[in-house]
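A short worksheet on the structure shown next.
Numbering (our numbering), first residue to last: 39 to 470.
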């Protein structure tokens, strides 16, 4: 796989001719809505297959997989335009095999989805996932769980060989996150026992493969109790084959101050859980100044501390799949960035004829443009993720010997993310 940066004067046809592929294939692999419009500085993923096949009348995806001795999942991963489906037509060119993943190792990959995810988008992502974490279960004051409508997602995950994970949060019956609900189950033995009983029931009844604790903004006074809760869950559930996840706020030192960080004791939680997601994103956020969502250099500092406190194979690197659009000038306390997908960000750059720049420190692309208004032009700044930033992020997995990555979130179709991931690692699939 090559990552090509668009230069002045380039067209999709000239790029395709240079790499010996087709404009249609480049457009498909990069989800280009308008192939005739490219932005200077735009990154494009170029796949270079080692074996291809042109679909003939009477072929099916199953017969093609059998003929070449590959899995359906491999065909889905190598051909994102299939969107995890089986519909093919004569004349289509399928990439049967791609070069061996560059880093020569496997990686676990978790994707996070809400129950209302577009099913075609979900099917597109599932072939690349080890786990599907379904967001989210909530809590009642008595410790019982608030259950989302998740049955279809569980079934689809298993159909595609991704282990479904129950994601437990502090969402209350009002739909808001509540630190009080967490403190209640940490300090009230009856509520905690009831919660663990309900977790046990739901895991069994719905055929989940494990649970992920996503309790945030925990006061430092309850850090020990939180780690002990995860240990209790592990002691109860692990013997029956369930996997226990916990999400960790990103910190560079054990004593980092702030409510987001103080309740997460890395060594204690690391000893209690099987896997931990490092939430290494939201550096650039809705109410903050324009900057990268997931800058590489600050993330390195988090990883250096994390691997000193937790066995590295247990750690999953959090990788964002979203962008932000800021209106300038930024005014703290007033400005509010607008979220958008990475593909929408690239389309916006093309529509505004904006050149995309790349920040070396954060390894993140961004661009600026102006919108006309009755009071004069208003400047915008957009930070997003592209193939280059994903390549930089995913390489950290190997550098720090991590277990894999967690994609927050998979609600938006983004084939370059998955193609870069697949070019570096073989996705580990426990259910295939």
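We treat Cβ as the ideally placed atom computed from N, Cα and C, and that holds for glycine.
Just so it is clear, the structure is predicted and the values come from calculations on it, not from any experiment.
### Task
Give me the Cβ distance between residue 169 and residue 146, rounded to the nearest whole Å; I'm assuming they're in contact under 8 Å.
7 Å
### Message
Taking its Cβ as the centre, do 16 or more other Cβ atoms sit within 10 Å of residue 94, making it buried, or is it exposed?
### Response
exposed
### Query
Between residue 237 and the rest of its own chain, which residues show a CB-CB distance below 8 Å, the 5 nearest in sequence each way excluded?
183, 204, 206, 249, 271, 275
### Query
Just to confirm, are residue 208 and residue 195 a CB contact at a threshold of 8 Å?
no
### Message
At the level of alpha carbons, what is the spacing between residue 230 and residue 125?
### Response
48 Å
### Query
Where residue 468 and residue 348 are concerned, what is the direct C-alpha to C-alpha distance, given to the nearest angstrom?
23 Å
### Query
Whole-angstrom Cβ separation of residue 108 and residue 134, contact assumed at under 8 Å?
6 Å
### Task
Starting from residue 151, trace the alpha helix (DSSP H) both ways and give me its first and last residue.
First-last for residue 151: 144-151, but that is the beta strand (DSSP E), not the alpha helix (DSSP H).
### Query
Taking the runs of the beta strand (DSSP E) that are 3 residues or longer, which of them lie wholly in the region 262-349?
281-286, 313-316
### Task
Quick one: give me the first and last residue of the alpha helix (DSSP H) that residue 43 is part of.
Segment 40-43 is the beta strand (DSSP E) holding residue 43; no alpha helix (DSSP H) there.
### Which residues DSSP lists as bridging residue 406, in chain order
Per DSSP, 419.
### Message
For residue 164 and residue 257, I'd like the C-alpha separation in whole angstroms.
### Response
36 Å
### Query
What is the residue span of the beta strand (DSSP E) that residue 172 lies within?
169-177
### Task
Answer yes if the region 427-441 comes into contact with the region 347-362, meaning at least three C-beta pairs across the two stretches below 8 Å, and no otherwise.
yes
### Task
Can you grab the Cα-Cα spacing for the pair residue 166 / residue 52, in whole Å?
30 Å
### Message
Across the region 455-463 and the region 384-391, are there enough close Cβ pairs to call them in contact, namely three or more that are closer than 8 Å?
### Response
no
### Task
Note down, in chain order, each residue of its chain lying with its Cβ closer than 6 Å to the Cβ of residue 470, except the 5 sequence neighbours on either side.
199
### Burial state of residue 115 (16 or more Cβ within 10 Å)
Residue 115 is buried by the Cβ-count criterion.
### Task
Give me whichever residues DSSP pairs with residue 88 in a beta bridge.
For residue 88, which the question treats as bridged, DSSP gives no partner whatsoever.
### Message
According to DSSP, simplified to helix, strand and coil, what is residue 374?
### Response
coil
### Message
As a quick exercise: from 392, 394, 328, pick the residue whose alpha carbon is nearest that of residue 364.
### Response
328
### Task
Reducing DSSP to helix, strand and coil, say where residue 220 ends up.
Correct three-state label for residue 220: helix.
### Task
For the alpha helix (DSSP H) holding residue 380, just list the boundary residues, first then last.
Here the alpha helix (DSSP H) through residue 380 covers 380-389.
### Query
Is residue 447 closer than 8 Å to residue 359 when the C-beta atoms are compared?
In this structure, residue 447 lies closer than 8 Å to residue 359 by Cβ.
### Message
Just verifying my parser: in three-state terms, what is the DSSP assignment at residue 434?
### Response
helix
### Message
Once DSSP output is grouped into helix, strand and coil, what is the label at residue 100?
### Response
helix
### Task
Report, in whole angstroms, the separation of the C-beta atoms of residue 408 and residue 416, which I expect to be a contact under 8 Å.
7 Å
### Message
What does the alpha-carbon distance come out to for the pair residue 97 and residue 85?
### Response
24 Å
### Query
Among the residues of its own chain, which have a CB less than 7 Å from the CB of residue 397, if the five just before and after it don't count?
330, 404
### Query
So, are the CB atoms of residue 377 and residue 399 less than 8 Å apart?
no
#### Entry: Beta bridge counterpart(s) of residue 51 as assigned by DSSP
Paired residue(s): none; residue 51 is not in a bridge.
### Query
Is residue 319 near the ligand MN, in the sense that its beta carbon is under 7 Å from a heavy atom of that ligand?
By its list of ligands, the structure shown contains no ligand whatsoever, and the ligand MN lies outside what it can speak to.
### Query
Thinking just about the alpha-carbon of each residue, which of 65, 223, 325 is nearest to the one in residue 374?
325
### Query
Three-state secondary structure (DSSP) at residue 253?
coil
### Query
Name the DSSP bridge partner or partners of residue 27?
What is shown of the chain runs 39 to 470, which leaves residue 27 out entirely.
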